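Single-structure report; data block below.
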DNA sequence: ATCGCTGCAAAAATTTTGCAGGTAA
DNA sequence: TTACCTGCAAAATTTTTGCAGCGAT
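Okay, here's the thing in structure tokens:
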């Protein structure tokens, strides 16, 4: 049984490549957008809009601009939304040509995050889709537990 | 390979049984709480706090009370939170002795919901836990697609 | 009679939007 | 130049909290 996603490399795409992707879509490469992209490309794990805001020097970007920029990047498929069940959306950069599909193991005590290579088997997903007549089926899967340090 | 959860019966627990569970935990059985429980026990699928509020006659319950009651029911394990990725928490009644663990297939167009019997294989979950030294690992899994009517 | 629960209203927190000026292309 | 972006501030949401009075037990 083969999962339909593998762990992806963590070597970050260069900032130049990222901004090029914006330009290619006729979007402007501005200071705030570069700051956000440059922050995200250094992160291994998803950040919320507010976390991005706090991580950036106050002069770099307004919180409203972050909301707007993240919306844009999400629409362009450059950023993917993850939900760890605490009501806060978090975002991760998606590598060129990738769909960003993967999962996390989140510590319910300290909120540390591990990226997971395994994935729900495609055959099951297809079967579930067929069984109910649904099309274009995907899934969201996240794991929760207590990390070694917090035990 | 066996999933570790099966579809559960949809026959709703009686309101009397539900309120008894409250009383057994030294919580008061009040009008608003009965109204909420009685509404949830008739639902097959999760409702948000606001949906509960709109579904109830205005005089039955204040929105703030619903937030408080749902928090309580969640703490008592009588209600389970689900997240369909749209930023709104939804809640489902959990049957006595059950842990409420199951998954949904949600239409991304009309938001209709189908309950899913399959589940992520326990062995994999255990392996993931072991691999990263995590304890008490569970998961959240939801499927998304386009239902027959919306295609 | 208690103590928990409720409604109401205000506060806090989160996300969206309008607008006027600035800037990438 | 000309759209597109941005900061700021206000608005719209969503969720939490304080408080005085009511009511389940």
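Chains as they are written, first to last, in this note's numbering: chain G, 33 to 183; chain X, 33 to 183.
Just so you know, even glycine gets a beta-carbon here, dropped at the ideal spot from N, CA and C.
Just so it is clear, the structure is predicted and the values come from calculations on it, not from any experiment.
Runs of beta strand (DSSP E) with 3 or more residues, each lying fully within the region 103 to 167 of chain X, are found at 111 to 115, 121 to 125, 135 to 139, 145 to 148, listed in chain order. Under the three-state reduction of DSSP output, residue 174 of chain G falls in the strand class.
Listed as beta-bridge partners of residue 71 of chain G by DSSP are no residues whatsoever. The Cβ neighbour count for residue 142 of chain G, taken over all protein chains shown within 10 Å, is under 16; the residue is labelled exposed. Pairwise C-beta distances place the region 161 to 168 of chain G out of contact with the region 96 to 110 of chain G, as fewer than three of them are shorter than 8 Å. Neighbours of residue 115 of chain G across chain X, judged by C-beta separation under 7 Å: 115, 117.
A check of alpha carbon separations from residue 172 of chain X across X:67, X:114, X:181 identifies X:114 as the nearest.
Secondary structure note for residue 81 of chain X: its alpha helix (DSSP H) is the uninterrupted segment 81 to 87.
At least 9 Å separates the CB of residue 49 of chain G from every CB of chain X. Listed along chain X are 152, 171, 172, 173, 174, each with a C-beta nearer than 9 Å to that of residue 173 of chain G. Measuring C-alpha to C-alpha distances from residue 131 of chain X to each of X:144, X:118, X:119, X:109 identifies X:109 as the nearest.
Non-local beta-carbon contacts of residue 44 of chain G in its own chain, meaning distances under 8 Å to residues more than five positions away in sequence, involve 73, 74, 125 in chain order. Annotation for residue 45 of chain G: no alpha helix (DSSP H) segment contains it, and DSSP assigns it neither H nor E. At a cut-off of 9 Å, the C-beta of residue 85 of chain X has no neighbouring C-beta in chain G.
The Cβ neighbour count for residue 90 of chain G, taken over all protein chains shown within 10 Å, is under 16; the residue is labelled exposed.
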